[in-house]
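Inspection log for the structure reproduced underneath, given as structure tokens.
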Amino acid sequence: MAVVNCAIQLNIPDTVDLKTPTTLSQLCTTLKCDPSFLYRIMRFLTHRNIFKQISAASDPLYAHTPLSRLLIKNHEESMAPFVVMESSPVMVGAWHNLSGRVVVNGTPPFVKTHGMDLWGYGEGNREHSDVFNEAMACDARRTVRAMVEECKETLEDITSVVDVGGGNGTCMRLLRKACPWITCINFDTPHVVPNNSHSQPQDGLQHVGGDMFVAVPKADAAFLMWVLHDWGDEECIQILKTCKEAIPHKNGRVIIAEAVIEEEGFNSKADKLKDVGLMLDMVMMAHTNIGKERTLKEWEYLITQAGFSTFTLKNINSLKSIIIAFP
Ligand SMILES: C[S@@+](CC[C@H](N)C(=O)[O-])C[C@H]1O[C@@H](n2cnc3c(N)ncnc32)[C@H](O)[C@@H]1O
1 MAVVNCAIQL
11 NIPDTVDLKT
21 PTTLSQLCTT
31 LKCDPSFLYR
41 IMRFLTHRNI
51 FKQISAASDP
61 LYAHTPLSRL
71 LIKNHEESMA
81 PFVVMESSPV
91 MVGAWHNLSG
101 RVVVNGTPPF
111 VKTHGMDLWG
121 YGEGNREHSD
131 VFNEAMACDA
141 RRTVRAMVEE
151 CKETLEDITS
161 VVDVGGGNGT
171 CMRLLRKACP
181 WITCINFDTP
191 HVVPNNSHSQ
201 PQDGLQHVGG
211 DMFVAVPKAD
221 AAFLMWVLHD
231 WGDEECIQIL
241 KTCKEAIPHK
251 NGRVIIAEAV
261 IEEEGFNSKA
271 DKLKDVGLML
281 DMVMMAHTNI
291 GKERTLKEWE
301 YLITQAGFST
311 FTLKNINSLK
321 SIIIAFP
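Letter 192 of the sequence shown, counting from 1, is numbered 192 in UniProt numbering, and no numbers are missing.
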């Protein structure tokens with residue numbers, strides 16, 4: 001990840017031409033890099049299918065691959081902000097204290113490293129909070145697209161959605177664009193929601209600051225994407241209960257976008273997705289207090305304990321699946 005982050009910092013993905021292959025010397029001139037060092041970086045990346053080398057001449061030619069395209073900053077599918085966030089010293093620091101979490105009565109690695117949890121840290125560090133929210137937004141773009149395409153029936157008969165823990169509002173902006181009949185509320189902590197205040201709705205999108213453990217703005221559906229995996233079971237049940245209070249008993253729903261980890265010995269999801277899900281589980285251990293990725297049984301437990309009568313599960317073209325809980 002450090003090498004990929006180095007490539008992003010140097011602006012290599014944005015400099016390699018999308019149509020015509022770019023030579024090492026062109027890259028060195030544009031990026032003011034030393035050819036011998038840059039060659040070694042490119043040799044490592046191309047070995048992992050991040051760029052491809054298309055000539056072995058003394059001045060090698062490089063072209064993009066599907067993976068390297070994801071690292072272009074000005075690309076609608078860019079995952080560069082995610083790599084930048086995960087490789088920031090703030091996040092990497094926590095990994096050095098992972099073992100201290102695993103021992104009996106251990107301390108959350110992020111708290112051990114920074115003296116407070118991730119959310120408290122973001123409140124006092126605007127710059128890191130922005131880096132974090134941008135990272136969340138880049139993955140949200142993919143998931144919302146997949147959800148809109150593959151869960152049409154869920155969105156057709158609702159007129160309002162509140163995105164609980166919606167970050168910088170990317171998700172609701174995209175949903176509003178794709179489903180203009182839905183009024184969208186982006187709800188997050190007051191330091192994340194723009195202007196630190198309750199804003200007036202603009203173009204069918206409103207930002208509201210608050211605490212999801214206390215109350216959530218009312219809507220036909222509450223949306224929770226990558227929020228519950230940050231928390232332990234008790235907190236999740238509390239969040240689900242406040243969401244349940246915000247939606248109508250008849251035809252209301254809570255839409256959860258989260259990974260569903262395969263049960264032991266049951267391998268229907270592609271291996272690669274399972275691998276990413278398990279990786280994310282380690283990220284939860286390093287960066288949250290008691291967050292974790294969950295199996296279907298564990299999701300069922302939370303939903304039932306929060307008082308929902310039934311739920312559905314749909315796998316979409318994303319690491320995340322869509323779980324819909326009904327009161
Ligand atoms: C992992 S991020 C997910 C962001 C967004 N849903 C997405 O997937 O792109 C979790 C979000 O929960 C928010 N959050 C944490 N504690 C909260 C609270 N008590 N009330 C409301 N939001 C909270 C964080 O600020 C953060 O934006």
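Cβ coordinates follow ideal geometry from the N, Cα and C atoms, glycine included.
{"Asked": "Ignore the nearest five residues each way along the sequence and tell me which others in W95's own chain have a CB closer than 6 Å to its CB.", "Found": "A286"}
{"Asked": "How many whole angstroms separate the CB atoms of G166 and K241, which I take to be in contact at a CB cut-off of 8 Å?", "Found": "Actually they are not in contact, since the Cβ atoms of G166 and K241 sit about 19 Å apart, beyond 8 Å."}
{"Asked": "Cβ of L319 within 8 Å of Cβ of G277?", "Found": "yes"}
{"Asked": "Using the DSSP secondary-structure output, state which residues sit across from T183 in a beta bridge.", "Found": "S160"}
{"Asked": "What does a CB cutoff of less than 7 Å around H75 pick up in its chain, not counting 5 residues either side in sequence?", "Found": "R69"}
{"Asked": "Checking 8 Å against the spacing of the C-beta atoms, do A146 and N317 come in under that value?", "Found": "yes"}
{"Asked": "What three-state label does DSSP hand A57 in the structure shown?", "Found": "coil"}
{"Asked": "Name the residue from L10, H114 and Q206 whose alpha carbon lies nearest to the alpha carbon of K73.", "Found": "L10"}
{"Asked": "According to DSSP, is residue 328 helix, strand or coil?", "Found": "Any answer about residue 328 is impossible in this case: the structure gives the chain only from 1 up to 327."}
{"Asked": "What does the alpha-carbon distance come out to for the pair M136 and M79?", "Found": "10 Å"}
{"Asked": "Quick one: residues in its chain with C-beta nearer than 6 Å to the C-beta of P81, no 5 flanking neighbours on either side, listed in chain order?", "Found": "E134, A135 and C138"}
{"Asked": "Evaluate the contact criterion for the stretch 110-122 versus the stretch 44-55: three or more CB pairs, one atom per stretch, below 8 Å.", "Found": "no"}
{"Asked": "What are the boundary residues of the alpha helix (DSSP H) that includes Q238?", "Found": "D233 to A246"}
{"Asked": "For the stretch 109-169, list the alpha helix (DSSP H) runs that are entirely contained and at least 4 residues long, ordered along the chain.", "Found": "109-114, 118-124, 126-150 and 152-156"}
{"Asked": "According to the Cβ coordinates, are G232 and I290 closer than 8 Å?", "Found": "yes"}
{"Asked": "Can you list, in chain order, the residues of its chain with a C-beta nearer than 6 Å to that of I255? Leave out the 5 residues immediately preceding and following it.", "Found": "A221, F223 and I324"}
{"Asked": "Closest to E258 by C-alpha separation, out of N315, F187, P248 and I247, would be which residue?", "Found": "N315"}
{"Asked": "So is the beta-carbon of W119 under 7 Å away from any non-hydrogen atom of ligand 1?", "Found": "yes"}
{"Asked": "By DSSP, does Q200 sit in helix, in strand, or in coil?", "Found": "coil"}
{"Asked": "Closest to A57 by CA distance: which of D157, C151, K177 and T23 is it?", "Found": "T23"}
{"Asked": "Which residue wins for smallest C-alpha separation from F37, given the options C6, L67 and P109?", "Found": "C6"}
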